[in-house]
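Peer 1:
In the working numbering, the protein residues as written are 9 to 331.
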């Protein structure tokens, strides 16, 4: 008959195994969900290159391409599971939805997946460290273990937000760099007699390869217009998704030109010149800041090497002469 120590060891071994399996499954489900939602941006980019054709085959292919597969099923499951953990403040939810759209997550399940990622990482990382610490640091005290687990829980909870903020900043940088080119193409299109709505559609297709994130936002704007959303409201939503001042000014410019009946081509040309000047100014600022940024690597890596190369022969001769 097994003794108490054997039973305790068996329970502890199975407990560690169950924790490991739970962490593994949580990471797998989270990876599938995030993969399914991130792929939506690539699909939007691909669809922006194609003409808008309504047909049964197109609808079926789009529905298949837009994630009606296993990954999106996982995302929907996670969204339902985390529905009770979402913030109840409507303003907070709207702000988070805006951030997700600005980061390129257009799927309706993105909000649930974001909360699921925080829950899974906030619980999974501490559990993983609880399994790893006895293996790699068996002499760690209770206080040290508790501190490491607490830090991992905080990291797991805030990593999704940091990832989202990084995506927003990266997208905003691309939007800001590509906006002058967008305005130049808008000027060319409107001068050719194309309407503003058609010009936005055409320019979005042209910019898919050069500025894919901006092209995806333009494609969403075009879809909202086709769905019947008013042009001012669609432009306002576009400016909120882009999260740069240039887009808000562009929306205001279009609305004022239409309301006042002024020449849209002239207004776009002036605004395009202004945006190009701003982009050149930003490039000049980075160029002027480069010498200051080079001081640290030069002082830490280049100058010591040059000093050693210069002084080493002298030190060798002194050593031979006096010692």
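We put the CB at the ideal spot given by N, CA and C, even for glycine.
I need the straight-line Cα distance from residue 313 to residue 143, nearest angstrom please.
Peer 2: Taking the straight line joining both Cα atoms gives about 42 Å.
Peer 1: Would you decide whether residue 295 is buried or exposed? Buried here means 16 or more other CB atoms lie within 10 Å of its CB.
Peer 2: Label assigned to residue 295: exposed.
Peer 1: Identify, in the order they occur along the chain, each residue of the same chain with its Cβ nearer than 6 Å to the Cβ of residue 171, setting aside the five sequence neighbours on each side.
Peer 2: So no residue of the chain qualifies.
Peer 1: Taking DSSP as the reference, what is the three-state secondary structure of residue 117?
Peer 2: The answer is coil: DSSP assigns residue 117 none of H, G, I, E or B.
Peer 1: Jot down the residue ranges of each uninterrupted alpha helix (DSSP H) in the region 117-165, minimum 4 residues, whole runs only, in chain order.
Peer 2: Listed in chain order, they are 118-144.
Peer 1: With the cut-off set at 8 Å, would you say residue 243 and residue 262 are in Cβ contact?
Peer 2: Contact flag set, yes.
Peer 1: Got a sec? Which residues, its chain only, sit under 7 Å from residue 182 by beta carbon, not counting five neighbours each side?
Peer 2: Excluding sequence neighbours, residue 182 sits near 219, 221, 222.
Peer 1: Hey, would you say residue 276 sits closer than 8 Å to residue 195, going by beta carbons?
Peer 2: Contact flag set, yes.
Peer 1: Under 8 Å, do residue 208 and residue 226 count as touching if we go by C-beta distance?
Peer 2: For residue 208 and residue 226, yes; Cβs fall inside 8 Å.
Peer 1: To the nearest angstrom, report how far apart residue 233 and residue 213 are at their CA atoms.
Peer 2: Using only the alpha carbons, I get a separation of about 16 Å.
Peer 1: So is residue 235 buried or exposed if we call it buried at 16+ other beta carbons inside 10 Å?
Peer 2: Its Cβ having fewer than 16 others within 10 Å, residue 235 is exposed.
Peer 1: Give the secondary structure of residue 257 by DSSP, where H, G and I count as helix, E and B as strand, and everything else as coil.
Peer 2: Residue 257 falls in the helix class under three-state DSSP.
Peer 1: Below 8 Å, can you find three or more Cβ-Cβ pairs linking the region 106-114 to the region 138-158?
Peer 2: No contact exists between the region 106-114 and the region 138-158.
Peer 1: Using three-state DSSP, classify residue 112 as helix, strand or coil.
Peer 2: Residue 112 falls in the coil class under three-state DSSP.
Peer 1: Between the alpha carbons of residue 174 and residue 186, how many angstroms are there, rounded?
Peer 2: When rounded, the distance between both Cα atoms is 18 Å.
Peer 1: With H, G and I counted as helix, E and B as strand and the rest as coil, what does DSSP make of residue 217?
Peer 2: Note: residue 217 maps to coil in three-state DSSP.
Peer 1: Given 8 Å as the limit, is there contact between the region 159-166 and the region 251-260, that is, 3 or more CB pairs closer than that?
Peer 2: Not touching, per the Cβ criterion.
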